[in-house]
Amino acid sequence: QSVVTQPPSVSGAPGQRVTISCTGSSSNIGAGYDVHWYQQLPGTAPQLLIYSNNNRPSGVPDRFSGSKSGTSASLAITGLQAEDEADYYCQSYDSNLDSVVFGGGTKVTVL
Amino acid sequence: QVQLVESGGGVVQPGRSLRLSCEVSGFTFSNYAMHWVRQAPGKGLEWVAVISYDGSKKDYADSVKGRFTISRDNSKNMLYVQMNSLRAEDTAVYYCARDYGYYDKLDYWGQGTLVTVSS
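First to last, the protein sequences are chains L and H. 87 is the number that this note's numbering gives to position 87 of the first sequence; each next residue is one higher, with no gaps. To get this note's numbering, take the position in the second sequence, counting from 1, and add 1000.
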């Protein structure tokens, strides 16, 4: 059981907007630690998608955006495309555990 | 370009040991902390361990503490994890990843190596 929780799945039609929540607590996201997001395409290694809550590495389309408020963070995908079908993970640091923590992952399905 | 290549995975019996390696290139290895992250079949990502840029600080997940040891050789651009007393629940793909700071974003990942613990 992860200390940061994500919905197991979200889905949307091509062109739609979907959001993925990442809910933590006062010892991780709520303590001000940054949230990072990773995309894992089927059969591949995770790749950094959003860092430090709302920043995109070079090469990541601006369809992907991140936000953070209180003990939660969100990843939004606008203009959903078939190639966005993947698993998405949030990551932060937890001061009680003194460790990196990952959310359980969210599978995005394009209908 | 930045590359991380894991090796050393395979099938091992419960209670035995295995050492994984991660060879890096394309950046100054000695400037970065490094992590091991694993993913059991069909499951999510689980953080395993981190080592500071100079090897002076190491931290472990509770699930592997006392059994796994992370290490590095900056002269060879190599990261390692020694896994002892392996259990069936250690079966996973193991990824090495570069940390931009320490407990910061993991900005580059290897392709992973599969460890299967089975009798």
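Glycine is no exception: its CB is placed at the ideal position from the N, C-alpha and C atoms.
Whole angstroms are fine: how far does the CA of residue j sit from the CA of residue i?
| i | j | result |
| --- | --- | --- |
| Leu49/L | Gly105/L | 14 angstroms |
| Ser1052/H | Tyr51/L | 20 angstroms |
| Thr109/L | Ile29/L | 26 angstroms |
| Trp1109/H | Ala13/L | 30 angstroms |
| Arg56/L | Val35/L | 12 angstroms |
| Asn96/L | Ser27/L | 6 angstroms |
| Gln1082/H | Gly15/L | 46 angstroms |
| Arg17/L | Glu83/L | 14 angstroms |
| Val1037/H | Ser2/L | 14 angstroms |
| Trp37/L | Leu75/L | 8 angstroms |
| Ala73/L | Lys1105/H | 15 angstroms |
| Ser67/L | Pro1041/H | 30 angstroms |
| Leu80/L | Arg63/L | 8 angstroms |
| Asn53/L | Ile77/L | 14 angstroms |
| Lys107/L | Gly1044/H | 10 angstroms |
| Ile20/L | Ser69/L | 14 angstroms |
Skipping 5 residues on each side, what residues in its chain have a beta carbon closer than 6 angstroms to that of residue i?
| i | result |
| --- | --- |
| Val1093/H | Gln1039, Gly1112 and Leu1114 |
| Asn1084/H | Ser1017 and Arg1067 |
| Gln1003/H | Ser1025 and Gly1026 |
| Tyr1060/H | Ala1049 |
| Ser11/L | Thr109 and Leu111 |
| Arg1072/H | Ile1051, Gly1055 and Leu1079 |
| Tyr1100/H | Asp1107 |
Thinking residue i and residue j are a contact (beta carbons under 8 angstroms), I'd like their distance in whole angstroms, please.
| i | j | result |
| --- | --- | --- |
| His1035/H | Val1050/H | 5 angstroms |
| Asn1077/H | Glu1023/H | 6 angstroms |
| Ala1033/H | Tyr1080/H | The Cβ separation is near 14 angstroms, so there is no contact. |
| Tyr88/L | Gln39/L | 6 angstroms |
| Val4/L | Gly24/L | 4 angstroms |
Residues in the same chain with beta-carbon distance under 7 angstroms from residue i, minus the five sequence neighbours each way, listed in chain order, please.
| i | result |
| --- | --- |
| Arg1087/H | Pro1014 and Val1117 |
| Val100/L | Gln91 and Tyr93 |
For residue i, collect the residues of the same chain with a Cβ closer than 8 angstroms to its Cβ; drop the 5 residues on either side in sequence, then sort them by chain order.
| i | result |
| --- | --- |
| Arg1019/H | Gly1008, Tyr1080, Val1081, Gln1082 and Met1083 |
| Ser1030/H | Tyr1053, Asp1054 and Asn1074 |
Query raised in the report: Which runs of the beta strand (DSSP E) spanning at least 3 residues fall entirely within the segment 1036–1100 of chain H, listed in chain order?
Result: 1045–1051, 1058–1060, 1068–1073, 1078–1083 and 1092–1099, all fully within the segment 1036–1100 of chain H.
Query - Residues of the segment 47–68 of chain L with Cβ closer than 8 angstroms to any Cβ of chain H, in chain order - result: Residues are counted here when their Cβ sits less than 8 angstroms from a Cβ of chain H; for the segment 47–68 of chain L these are Gln47, Leu48, Tyr51, Ser52 and Pro57, given in chain order.
Query raised in the report: Looking at chain H, which residues of the segment 96–111 of chain L have a Cβ within less than 9 angstroms of any of its Cβ atoms?
Result: So the close ones are Leu97, Asp98, Ser99, Val100, Val101, Phe102, Gly103, Gly104 and Gly105.
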